[in-house]
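Engineer: Sharing a structure, written as structure tokens. Questions coming.
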Amino acid sequence: MPELRRDPITGRWVIIATDRAIRPTDFVRDKVQIHGSGFCPFCPGNEKRTPPEILSYRKDGSARDTPGWSLRVVPNKFPALGIEGTLNRQGEGLYDKMNGIGAHEVIIETPQHNLTLATMPARDVEDVLWAYRDRILDLEKDRRFKYILIFKNHGEAAGASLEHTHSQLIALPVVPKRVREEVDGAREHYNFKERCIFCDIIRQEKEKSARLIAENQAFVVLAPFAPRFPFEIWIIPKTHQCAFEQSQKAEFEQLAPILKDMLSRLDQVLEWPAYNYIIHTMPIGESAEDFYHWHLEIMPKLTKVAGFEWGTGFYINPTPPEESAKFLREAAAPVEAPAANK
Ligand SMILES: [Zn+2]
Ligand SMILES: [Zn+2]
Ligand SMILES: [Zn+2]
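Heads up, my numbering is the position in the sequence shown plus 125, with the first residue counted as 1.
In structure tokens form, the structure reads like this:
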């Protein structure tokens with residue numbers, strides 16, 4: 126019997142189509158493979174082929190836009206939004222518009238073309254998190270921006286146009302609707318119960334472990350009760366914290382290995398799927414400290430969003446989260462990749 130489930134934060138309904146439950150390997154799609162053939166603008170030596178770098182981590186004191194970096198942040202060569210100018214908000218009758226102001230940056234996570242976040246050393250994954258934090262803290266000073274989204278497209282099916290592992294950042298002059306729904310839902314729960322809904326979810330999921338996948342000192346990983354996609358997973362800090370960018374060393378030291386671990390479990394269970402992940406942090410300058418709780422959502426690209434989803438905002442998910450959690454829990458703890466030679 127299929128089941129309708131409601132996400133307690135956003136109120137979004139999903140259809141868990143249990144009768145068509147299939148095994149992870151039944152999802153037909155291309156494996157994400159690194160071919161390494163052809164020209165790559167993100168490889169060392171090709172620094173001049175990207176826009177000038179905004180930030181890089183270099184241990185050897187090498188000059189900017191030359192090799193020697195371990196991580197590099199550059200503007201997107203084909204930005205969705207432009208950084209220069211004013212917003213110039215205008216009304217056109219009942220319609221609203223403004224200039225397409227924003228920042229669009231690319232975080233090149235490693236100089237090594239053949240690695241992924243799942244195969245990089247955890248210490249290097251931690252540097253990726255530091256780069257996210259550094260860039261958010263810098264862009265938050267720009268008063269034109271209301272929200273900064275960190276996201277990753279891994280594999281062509283998930284929207285990556287270059288195979289060299291990278292993440293992206295977009296700073297927006299408005300708070301996006303998805304984030305607004307979460308913040309409003311969390312506020313409503315807080316007004317009613319005086320508790321954070323994410324903290325409540327962690328407490329309940331830790332008691333009933335059917336959807337709990339992993340945890341360490343600082344983070345829990347769970348399959349949400351009403352996931353939109355098969356094998357959707359959320360990584361949530363155990364201690365209440367509204368903003369990702371306020372994380373400290375103690376948190377990043379725990380987040381890096383658990384993120385790497387989850388991505389390699391997905392590789393193992395789903396055989397190198399394309400995926401997206403996003404970091405949801407508090408909108409800039411809003412007082413949501415008490416009730417908003419930052420988190421990272423990972424969505425493997427296994428199913429297609431079709432007419433029903435577009436027409437209703439309902440999602441049909443063929444894999445119950447209790448099943449996906451079980452598969453991911455049982456995946457053997459992956460082996461640490463050898464330290465990259467730099
Ligand atoms: Zn490359
Ligand atoms: Zn909380
Ligand atoms: Zn979220």
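Just so you know, even glycine gets a beta-carbon here, dropped at the ideal spot from N, CA and C.
Would the beta-carbon of residue 420 be found less than 7 Å away from any heavy atom of ligand 5?
Structural biologist: Of the ligands one can find in the structure shown, namely ligand 1, ligand 2 and ligand 3, none is ligand 5.
Engineer: From the DSSP output, which residues share a beta bridge with residue 430?
Structural biologist: Here residue 430 refers to the residue found at position 305 when the sequence shown is read from its first residue. Its beta-bridge partners do not exist; DSSP assigns none.
Engineer: For residue 292, I'd like the list of residues in its chain whose CB is within less than 8 Å of its CB, leaving aside the five on either flank, ordered along the chain.
Structural biologist: The residue you call residue 292 lines up with position 167 of the sequence shown. Once the five neighbours on either side are set aside, the close Cβ partners of residue 292 are 231, 232, 234, 253, 257, 275, 276 and 277.
Engineer: What's the gap between the Cα of residue 414 and the Cα of residue 407?
Structural biologist: Locating residue 414 in the sequence shown gives position 289, counting from the first residue. Locating residue 407 in the sequence shown gives position 282, counting from the first residue. Straight-line Cα distance between these residues: approximately 8 Å.
Engineer: For residue 444, count the other beta carbons within 10 Å of its own beta carbon; 16 or more makes it buried, fewer makes it exposed. Which is it?
Structural biologist: Sequence index remark: in the sequence shown, residue 444 carries index 319 (1-based). The residue in question, residue 444, is buried, as its Cβ has 16 or more Cβ neighbours within 10 Å.
Engineer: Beta-carbon within less than 8 Å of residue 191's beta-carbon, same chain only, minus the 5 sequence neighbours each way: which residues are those?
Structural biologist: If you number the sequence shown from 1, residue 191 lands on position 66. Excluding residues within five positions, the ones whose Cβ falls inside 8 Å are 172.
Engineer: State the Cα-Cα distance for the pair residue 197 and residue 203, rounded to the nearest angstrom.
Structural biologist: As a first step, residue 197 is located in the sequence shown; it is residue number 72 there, counting from the start. As a first step, residue 203 is located in the sequence shown; it is residue number 78 there, counting from the start. Distance between the alpha carbons of residue 197 and residue 203: 17 Å.
Engineer: Could you tell me the boundaries of the beta strand (DSSP E) in which residue 359 lies?
Structural biologist: For the purposes of this step, residue 359 is taken as residue 234 along the sequence shown, with counting starting at 1. That run of the beta strand (DSSP E) goes 358-362.
Engineer: Could you tell me if residue 249 is buried or exposed, where buried requires 16 or more neighbouring beta carbons within 10 angstroms of its beta carbon?
Structural biologist: Position 124 of the sequence shown, counted from the start, is the residue given in the question as residue 249. Residue 249 comes out buried.
Engineer: Could you tell me whether any non-hydrogen atom of ligand 3 is closer than 7 Å to the CB of residue 307?
Structural biologist: In the sequence shown, counting from the first residue as 1, residue 307 sits at position 182. Under cutoff, so the answer is yes.
Engineer: Once the 5 residues before and after residue 339 are set aside, which same chain residues still bring their CB inside 6 Å of it?
Structural biologist: Locating residue 339 in the sequence shown gives position 214, counting from the first residue. The residues are 346.
Engineer: Beta-carbon within less than 7 Å of residue 128's beta-carbon, same chain only, minus the 5 sequence neighbours each way: which residues are those?
Structural biologist: On the sequence shown, position 3 is the one that residue 128 refers to. The answer, listed in chain order, is 141 and 143.
Engineer: Where residue 244 and residue 214 are concerned, what is the direct C-alpha to C-alpha distance, given to the nearest angstrom?
Structural biologist: In the sequence shown, residue 244 corresponds to position 119, counting from 1. In the sequence shown, residue 214 corresponds to position 89, counting from 1. Computed Cα separation, rounded: 45 Å.
Engineer: Specify the secondary structure class of residue 149 as computed by DSSP and reduced to three states.
Structural biologist: Translated into positions along the sequence shown, residue 149 becomes position 24. In the structure shown, residue 149 sits in a helix (DSSP, three-state: H, G or I).
Engineer: Residue 162: which of 380, 376, 269 and 289 sits nearest, CA to CA?
Structural biologist: The count along the sequence shown starts at 1 and reaches residue 162 at position 37. Checked all of 380, 376, 269 and 289; the closest Cα to residue 162 is 289.
Engineer: In angstroms with no decimal places, state the Cα-to-Cα distance between residue 393 and residue 311.
Structural biologist: Against the sequence shown, residue 393 aligns to sequence position 268. Against the sequence shown, residue 311 aligns to sequence position 186. Spanning the two alpha carbons is a distance of roughly 34 Å.
Engineer: Give a single yes or no on whether residue 314 has its beta carbon closer than 7 Å to a heavy atom of ligand 3.
Structural biologist: Here residue 314 refers to the residue found at position 189 when the sequence shown is read from its first residue. Because no heavy atom of ligand 3 lies under 7 Å away, the Cβ of residue 314 does not count as near it: no.
Engineer: Please give the ranges of any alpha helix (DSSP H) in the stretch 310-340, keeping only runs that are unbroken, at least 4 residues long and fully inside the region.
Structural biologist: If we require 4 residues or more, the alpha helix (DSSP H) runs fully inside the stretch 310-340 come out as 322-332.
Engineer: With DSSP as the reference, please indicate the residues paired to residue 164 in a beta bridge.
Structural biologist: Against the sequence shown, residue 164 aligns to sequence position 39. Paired residue(s): none; residue 164 is not in a bridge.
Engineer: Leaving out five residues before and five after residue 463 in sequence, what residues of the same chain have Cβ atoms less than 7 Å from its Cβ?
Structural biologist: As a first step, residue 463 is located in the sequence shown; it is residue number 338 there, counting from the start. With a pLDDT of only 40 at residue 463, under the threshold of 50, the placement of this residue in the model should not be trusted; the figure read from the coordinates follows. Contacts found: none.
Engineer: Within its chain, find whatever has a CB closer than 6 Å to the CB of residue 356; leave out the 5 residues flanking it on each side and keep chain order.
Structural biologist: Residue mapping note: residue 356 aligns to position 231 of the sequence shown, counting from 1. Cβ neighbours of residue 356 beyond the five flanking positions: 425 and 449.
Engineer: Can you find a heavy atom of ligand 1 that lies under 7 Å from the Cβ of residue 168?
Structural biologist: Taking the first residue of the sequence shown as position 1, residue 168 is located at position 43. Yes, ligand 1 has a heavy atom inside 7 Å of this Cβ.
Engineer: Could you name the residues that DSSP lists as bridge partners for residue 221?
Structural biologist: Your numbering for residue 221 matches position 96 in the sequence shown. DSSP output for residue 221 lists 216 as bridge partner(s).
Engineer: Could you tell me the distance, in whole angstroms, from the CA atom of residue 165 to the CA atom of residue 313?
Structural biologist: The count along the sequence shown starts at 1 and reaches residue 165 at position 40. The count along the sequence shown starts at 1 and reaches residue 313 at position 188. Distance between the alpha carbons of residue 165 and residue 313: 47 Å.
Engineer: Just to confirm, does residue 238 get its C-beta within under 7 Å of one of the non-hydrogen atoms of ligand 2?
Structural biologist: The sequence position of residue 238 within the sequence shown is 113, counting from 1. No, the Cβ of residue 238 stays beyond 7 Å of every heavy atom of ligand 2.
Engineer: Say yes only if the C-beta of residue 405 is nearer than 7 Å to one or more non-hydrogen atoms of ligand 3, and no if none qualify.
Structural biologist: Residue 405 sits at position 280 when you count from the first residue of the sequence shown. Correct: residue 405 has its Cβ closer than 7 Å to ligand 3.
Engineer: Are the beta-carbon atoms belonging to residue 441 and residue 307 less than 8 Å from one another?
Structural biologist: Position 316 of the sequence shown, counted from the first residue, corresponds to residue 441. Position 182 of the sequence shown, counted from the first residue, corresponds to residue 307. It is not a contact, given that the beta carbons lie outside the stated cut-off.
Engineer: Just the Cα atoms here: how many angstroms apart are residue 460 and residue 397?
Structural biologist: On the sequence shown, position 335 is the one that residue 460 refers to. On the sequence shown, position 272 is the one that residue 397 refers to. With a pLDDT of 49 at residue 460, under the threshold of 50, the modelled position of this residue cannot be trusted, and the question is left open.
Engineer: According to DSSP, which residues form a beta bridge with residue 200?
Structural biologist: Along the sequence shown, read from residue 1 onward, the residue named residue 200 stands at position 75. 230.
Engineer: Taking residue 294 and residue 260 to be in contact with their CB atoms under 8 Å, please state how far apart those CB atoms are, rounded to whole angstroms.
Structural biologist: Locating residue 294 in the sequence shown gives position 169, where the first residue counts as 1. Locating residue 260 in the sequence shown gives position 135, where the first residue counts as 1. Between residue 260 and residue 294 the Cβ distance is about 6 Å, and since that is below 8 Å, they are a contact.
Engineer: Does DSSP put residue 264 in a helix, a strand or coil?
Structural biologist: By one-based count along the sequence shown, residue 264 stands at place 139. Three-state DSSP puts residue 264 in a helix.
Engineer: Report yes if the C-beta of residue 323 is less than 7 Å from at least one heavy atom of ligand 2; otherwise report no.
Structural biologist: Along the sequence shown, read from residue 1 onward, the residue named residue 323 stands at position 198. It does: the Cβ of residue 323 is within 7 Å (strictly closer) of some heavy atom of ligand 2.
Engineer: In the stretch 399-444, which residue ranges form an unbroken alpha helix (DSSP H) of at least 4 residues, counting only runs that do not cross its ends?
Structural biologist: With a minimum length of 4 residues, the continuous alpha helix (DSSP H) runs that stay inside the stretch 399-444 are 432-437.
Engineer: Given that a residue counts as buried once 16 or more other Cβ atoms are within 10 Å of its Cβ, and exposed if not, what is residue 205?
Structural biologist: The sequence position of residue 205 within the sequence shown is 80, counting from 1. Classification of residue 205: exposed, given that the 10 Å Cβ count is below 16.
Engineer: What span of residues does the beta strand (DSSP E) with residue 378 cover, start to end?
Structural biologist: On the sequence shown, residue 378 is found 253 positions in, with the first residue counted as 1. Segment 374-395 is the alpha helix (DSSP H) holding residue 378; no beta strand (DSSP E) there.
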